[in-house]
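Q:
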Amino acid sequence: MNKTGYKIIAIDGPASSGKSSVSRELSKILGYVYFNTGLVYRAIGFLKSKNIDFFDAVEKNRLVFELLIGQTKVIFDHDDITKELTKEYVGALASEVAKEPSLREKIIVFQRSLVKDNAVVEGRDVGTHIFKDATIKFFIDADPKERALRRYLEEGGSYEDILNKILKRDETDKNRKDYPFRKAEDAIQIDTTCMTKEEVINLCMEYIKKVL
0 MNKTGYKIIA IDGPASSGKS SVSRELSKIL GYVYFNTGLV YRAIGFLKSK NIDFFDAVEK
60 NRLVFELLIG QTKVIFDHDD ITKELTKEYV GALASEVAKE PSLREKIIVF QRSLVKDNAV
120 VEGRDVGTHI FKDATIKFFI DADPKERALR RYLEEGGSYE DILNKILKRD ETDKNRKDYP
180 FRKAEDAIQI DTTCMTKEEV INLCMEYIKK VL
């Protein structure tokens with residue numbers, strides 16, 4: 000048990016490593032709520048593009064995060080904007096937000112405040128910053144070429160462009176001066192390059208059963 004009093008399954012990893020689909024499925028198997036922490040950064044970027052302050056919107060209940068089993072919903076002015084937040088242009092805005100160290104600590108405090116039940120929490124800094132004392136931590140990774148192929152098969156476009164964007168994002172995240180992207184020392188690393196989603200889920204569950 001950690002400081003929250005809840006069981007927290009922390010899952011970190013780079014883009015297209017498979018962490019999202021695995022996290023959602025583990026949430027369903029365990030009956031825990033699912034929290035995609037990256038949606039907070041995307042929501043900040045989305046609102047910033049409309050000249051709306053994120054924390055002001057939260058305070059006035061214009062922006063609400065709903066943590067459910069298998070999904071995280073983001074509601075703005077009573078509209079579900081979750082799907083909009085997954086779009087590429089919002090991702091670019093979110094990357095800019097992540098570079099602002101003055102915002103980062105405030106964001107982390109907010110992310111922690113959203114977890115009010117046992118949860119599978121997914122992101123890039125869950126095990127290193129948001130929930131350092133998580134019940135168990137995983138770091139889901141895969142070869143950049145495999146990650147690019149997965150995204151290409153999902154979204155289409157240019158494989159080379161996708162690969163270059165992934166490599167650039169990896170480089171930017173790892174070399175960020177404040178809060179660089181890294182694996183938590185006590186996280187279990189799983190390379191999904193040659194694994195199916197089912198194999199990854201089964202392996203994670205083997206580890207999880209040992210600590211629950």
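Read in numbering that gives the first Met the number 0, the sequence shown has 193 at position 194, and its numbers run on one by one without any break. For glycine and all other residues, C-beta sits at the position ideal for the given N, C-alpha and C.
Can you tell me which residues form a DSSP beta bridge with Gln70?
A: Stepping through the sequence shown from its first residue, residue 70 is reached at position 71. Paired residue(s): Leu67.
Q: Evaluate Gln110 with the Cβ neighbour count: other Cβ atoms within 10 Å of its Cβ, from every protein chain shown; 16 or more gives buried, anything less gives exposed.
A: On the sequence shown, residue 110 is found 111 positions in, with the first residue counted as 1. Gln110 should be labelled buried.
Q: Check whether the stretch 169-186 touches the stretch 124-140, counting contact only when three or more Cβ pairs, one atom from each stretch, lie closer than 8 Å.
A: Enough Cβ pairs lie closer than 8 Å, so yes.
Q: Closest to Ile165 by CA distance: which of Lys131, Lys136, Asn35, Gly90 is it?
A: The residue labelled residue 165 in the question sits at position 166 within the sequence shown. Of Lys131, Lys136, Asn35, Gly90, the residue nearest in Cα terms is Gly90.
Q: Does the stretch 9-29 come within contact of the stretch 61-78, defined as at least 3 CB pairs closer than 8 Å?
A: Touching, per the Cβ criterion.
Q: Tell me the DSSP secondary structure of Asn60 in three-state form.
A: Within the sequence shown, residue 60 is the residue found at index 61, counting from 1. Coil, per DSSP.
Q: Ile187 and Leu102 - do their beta-carbons sit closer together than 9 Å?
A: Here residue 102 is taken as the residue at index 103 of the sequence shown, counted from 1. Here residue 187 is taken as the residue at index 188 of the sequence shown, counted from 1. Contact flag unset, no.
Q: Go to Asn201, then tell me how far its beta strand (DSSP E) extends in each direction, as first and last residue.
A: Start at 1 with the first residue of the sequence shown, and residue 201 comes out as number 202. Here Asn201 belongs to no beta strand (DSSP E); instead the alpha helix (DSSP H) covers 196-210.
Q: Mind checking which residues open and close the alpha helix (DSSP H) that includes Lys98?
A: Taking the sequence shown and counting its residues from 1, the one referred to as residue 98 is at position 99. Run containing Lys98: none; DSSP gives neither H nor E here.
Q: In this structure, how does DSSP classify Ala147 when only helix, strand and coil are distinguished?
A: As a working note, residue 147 is residue 148 in the sequence shown. Looking at Ala147 - three-state DSSP - the assignment turns out to be helix.
Q: Would you check if the distance between the CB atom of Val114 and the CB atom of Arg23 is smaller than 9 Å?
A: Taking the sequence shown and counting its residues from 1, one reaches residue 114 at position 115. Taking the sequence shown and counting its residues from 1, one reaches residue 23 at position 24. Not in contact: Val114 and Arg23 (Cβ atoms no closer than 9 Å).
Q: Please name the residue in Ser16, Thr36, Asp11 whose C-alpha comes closest to that of Leu148.
A: As a working mapping, residue 148 is identified with position 149 in the sequence shown. With distances taken between Cα atoms, Leu148 lies closest to Ser16.
Q: Would you identify the three-state DSSP class for Ile80, choosing helix, strand or coil?
A: Translated into positions along the sequence shown, residue 80 becomes position 81. DSSP places Ile80 in coil when its eight states are reduced to three.
Q: Closest to Thr85 by CA distance: which of Ala9, Ala14, Val210, Val21 is it?
A: Counted from its first residue, the sequence shown places residue 85 at position 86. The shortest Cα separation from Thr85 among Ala9, Ala14, Val210, Val21 belongs to Ala14.
Q: In the DSSP assignment, the alpha helix (DSSP H) including Gly122 goes from what residue to what residue?
A: By 1-based counting over the sequence shown, the position of residue 122 is 123. From DSSP, Gly122 is part of no alpha helix (DSSP H) but of the beta strand (DSSP E) over 118-122.
Q: Which first and last residues belong to the alpha helix (DSSP H) in which Val21 is found?
A: One-based indexing of the sequence shown puts residue 21 at position 22. Val21 -> alpha helix (DSSP H) spans 18-29.
Q: Run through the DSSP bridge pairs and tell me what Ala9 is partnered with.
A: As a first step, residue 9 is located in the sequence shown; it is residue number 10 there, counting from the start. DSSP, once it has assigned bridges, lists Val120, Lys136 as partnering Ala9.
Q: Which residue's Cα is closest to the Cα of Ala9: Thr191, Asp172, Asp185?
A: Within the sequence shown, residue 9 is the residue found at index 10, counting from 1. Nearest option by C-alpha distance: Asp185.
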